[in-house]
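> In order, the protein sequences belong to chains V and F.
For the first sequence, my numbering assigns the number 231 to the initial residue and increments by one for each residue that follows.
For the second sequence, my numbering assigns the number 8 to the initial residue and increments by one for each residue that follows.
Below is a structure I'd like to ask you about.
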Amino acid sequence: MFEVDNLSRNGLPLVSLRLEPGELVCLRGPSGCGKTQLLRSLVDLDCNQGQVRLQGEARESVPPTLWRKRVALLPAESRWWSATVAEHFPEGDIESLAELGFDADTAGWQVDRLSSGEKQRLALLRVLANHPDVLLLDEPTANLDAENISRVEDLVRRYLDDTQASCLWVSHDRSQCDRIAARTLEMSSAGLQVSG
Amino acid sequence: MIELSSVDLGLAALLVVALALTSLRVYPGMASQLLIAGLRTLIQLTLIGLVLKSLFESASLLWVALLSLIMLAVAGREVMARQHRRFAGVWGYGLGVVSMFISSFTIALFALFVVVGNEPWYQPQYAIPLLGMLLGNTMNGIALALDRLTQSAWEQRDVIEARLMLGYSSQEAVSDIRQHVFRSGLIPIINAMAAAGIVSLPGMMTGQILAGAEPVEAVKYQIMIMFLITGGAGFGTLAAVHLGVKRLFDDRERLRLDRLKR
């Protein structure tokens, strides 16, 4: 279980939330209300206060590098720094390529020839390569067509079922939230509210 | 040695003035900078000549130490001023000073005690020029490296944070930046060593030869100085990059660009 109690940082309302094992929860809210900031705080990329625990373990007791592998953030815009796709993966080894509609030779592709949709899907595979216990996805299907949206949704759903990991999924699309999530959290300047 | 009169210096100064006047029309910004820098050279060197003269006469450890510290403080200010995005607060100044102190002072002491071995070891005729050359070159290396480090961290913050998000350590997240940064600090001295004697005759050796020293002896001094300078600039840059990278991240391995001056 992933537990967040009274998380606070500058310009953000107090946030508390729980994610059960295998659970997918959607997070909605108007642009600029702090969804991305919240995700960044959960992986401890920005200074913040409050208790965050994973399977009963406080984050302070976990080294930050290990914490960010177990609680993984997929940012809305991915960054690539080496020449080929494979160089961004541990041991150059990419799992689940076919499930997101890629060929096996994708690993050798040049990064600067990737489309934004390809980058987004490959970035998800890159995050999953760390086998995280909690997935924090910031609009992971924003650049995708309908076919790839359902591929990504299926892959994440299957990953959660197989590993009992939890997922917090930021989406602007109400029908997507209804489709994939048991619960949807509405974020506003007042804080988080449960809906749906 | 042939002594220079004020007229001789004035003739040389005419060159700078002539250059300033010539460039006034097309490059108006440079003319005043040239004149101001020339004036600074005149005043600063005249003063240091007088200071060194009285220092050589007194030859006391206290005065040598005091002048060394003043040189260090000014060099620290210079390192700070040359940085586009320096660290905020005391770190902006302290980082350069500490790195320069560690490398330049240690190496100057090493040279005075072990290599030159004169009596007393702080004899200002050796100590001050040695330290001056070390500080000057170390200052260049550190200023270049720190400027490059903070600038690169700022420009590539998205990539650095993307790596942190994937569980990279702070050291791993900036390892490629570090390579460039260290290189930029060392390139001037490596170039100077590579070109010495073929393309350029280094200033110190030339000075000794002008003063009537035996060329072979002057060359030996120059070789020693080149190696000392390389050590000073190299270890100083190593220290500055190490401390700078440490300061860029906190204990939870977050990239802390808020620690840079905006």
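By construction, the Cβ of each residue, glycine as well, lies at the ideal position given by its N, Cα and C atoms.
(1) Which partner residues of residue 237 of chain V appear in the DSSP bridge assignment?
(2) Can you find a C-beta in chain F that's less than 8 Å from the C-beta of residue 255 of chain V?
(3) Spell out the partners DSSP gives residue 118 of chain F in its beta bridges.
(4) Run through DSSP, which three-state label would residue 371 of chain V get?
(5) If you follow the alpha helix (DSSP H) that residue 263 of chain V is part of, which residue opens it and which one closes it?
(6) How would you call residue 111 of chain F, buried or exposed, if buried means at least 16 neighbouring beta carbons within 10 angstroms?
(7) Could you tell me the boundaries of the beta strand (DSSP E) in which residue 414 of chain V lies?
(8) Hey, does residue 351 of chain V have any beta-carbon neighbour from chain F nearer than 8 Å?
(9) Got a sec? Which residues, its chain only, sit under 6 Å from residue 129 of chain F by beta carbon, not counting five neighbours each side?
(10) Would you call residue 107 of chain F buried or exposed, if buried means 16 or more other Cβ atoms sit within 10 Å of its Cβ?
(11) Within the stretch 305 to 359 of chain V, note down every full alpha helix (DSSP H) run reaching 4 residues or more, in order along the chain.
(12) If you draw a straight line from the C-alpha of residue 279 of chain V to the C-alpha of residue 380 of chain V, how long is it?
(13) For residue 63 of chain F, collect the residues of the same chain with a Cβ closer than 8 Å to its Cβ; drop the 5 residues on either side in sequence, then sort them by chain order.
(14) Determine the direct distance from the alpha carbon of residue 212 of chain F to that of residue 205 of chain F, and round the result to whole angstroms.
(15) Measure the Cβ-Cβ separation of residue 364 of chain V and residue 395 of chain V and say whether it is below 8 Å.
(16) Rounding to the nearest angstrom, what Cα-Cα distance links residue 240 of chain F and residue 228 of chain F in this structure?
(17) Any residues in the stretch 165 to 180 of chain F with a beta carbon nearer than 8 Å to a beta carbon of chain V? Which ones, in chain order?
(18) Helix, strand or coil for residue 141 of chain F, going by three-state DSSP, please let me know.
(19) Which partner residues of residue 255 of chain V appear in the DSSP bridge assignment?
(20) Would you please state the rounded distance, in angstroms, between the beta carbons of residue 289 of chain V and residue 319 of chain V? I believe it to be under 8 Å.
(21) For residue 287 of chain V, name the three-state secondary structure that DSSP assigns.
(22) Along the stretch 243 to 261 of chain F, where does the CB come closer than 7 Å to a CB of chain V? Name the residues.
(23) What residues in its chain sit with their C-beta under 7 Å from that of residue 287 of chain V, if we drop five residues either side in the sequence?
(24) To the nearest angstrom, report how far apart residue 410 of chain V and residue 231 of chain V are at their CA atoms.
(25) Assuming residue 266 of chain F and residue 94 of chain F are in contact, meaning their beta carbons sit under 8 Å apart, how far apart are those beta carbons, in whole angstroms?
(26) Looking only at its chain, what residues have a beta carbon closer than 6 Å to the beta carbon of residue 400 of chain V, apart from the 5 residues adjacent to it on each side?
(27) What did DSSP end up calling residue 188 of chain F once you bin it into helix, strand or coil?
(28) Do you know how far the Cα of residue 184 of chain F is from the Cα of residue 155 of chain F?
(29) Under 8 Å between the Cβ atoms of residue 46 of chain F and residue 58 of chain F?
(30) For residue 208 of chain F, name the three-state secondary structure that DSSP assigns.
(31) Ignore the nearest five residues each way along the sequence and tell me which others in residue 171 of chain F's own chain have a CB closer than 6 Å to its CB.
(32) Residue 238 of chain F bridges to which residues according to DSSP?
(33) Quick one: residues in its chain with C-beta nearer than 7 Å to the C-beta of residue 188 of chain F, no 5 flanking neighbours on either side, listed in chain order?
(34) Please report how far the alpha carbon of residue 97 of chain F lies from the alpha carbon of residue 182 of chain F, in whole angstroms.
(35) Based on Cα-Cα distance, which residue from F:85, F:135, F:118 and F:121 lies nearest to residue 60 of chain F?
(36) Quick one: list the residues of chain F neighbouring residue 276 of chain V, beta-carbon separation under 8 Å, in chain order.
Judging by the given coordinates:
(1) V:245
(2) no
(3) Partner(s): none; residue 118 of chain F has no beta bridge.
(4) coil
(5) Neither: residue 263 of chain V is in no alpha helix (DSSP H) and is coded neither H nor E.
(6) buried
(7) 413 to 418
(8) no
(9) 68 and 71
(10) By the neighbour-count definition (other C-beta atoms within 10 Å, threshold 16), residue 107 of chain F is a buried residue.
(11) Listed in chain order, the complete alpha helix (DSSP H) runs (minimum 4 residues) inside the stretch 305 to 359 of chain V are 346 to 358.
(12) 36 Å
(13) 131 and 132
(14) 14 Å
(15) Yes.
(16) 18 Å
(17) Of all residues in the stretch 165 to 180 of chain F, only 165, 166, 168, 169, 170, 171, 172, 173, 174, 175 and 176 place a beta-carbon less than 8 Å from a beta-carbon of chain V.
(18) helix
(19) V:398 and V:413
(20) Not confirmed; about 25 Å, so no contact.
(21) The DSSP-derived three-state label of residue 287 of chain V is strand.
(22) Correct list: 259, 260 and 261.
(23) none
(24) Using only the alpha carbons, I get a separation of about 19 Å.
(25) 6 Å
(26) Shown here for residue 400 of chain V: same chain residues with a beta carbon closer than 6 Å to its own, the five before and five after excluded, namely 257, 265, 368 and 369 in chain order.
(27) helix
(28) Residue 155 of chain F and residue 184 of chain F: Cα-Cα distance of roughly 9 Å.
(29) It is not a contact, given that the beta carbons lie outside the stated cut-off.
(30) In the structure shown, residue 208 of chain F sits in coil (DSSP, three-state: anything other than H, G, I, E or B).
(31) 180
(32) Beta-bridge pairing links residue 238 of chain F to no other residue.
(33) 152, 155, 156, 159 and 248
(34) A straight-line Cα-Cα distance of about 26 Å links residue 97 of chain F and residue 182 of chain F.
(35) F:135
(36) Those are 261, listed as they occur along chain F.
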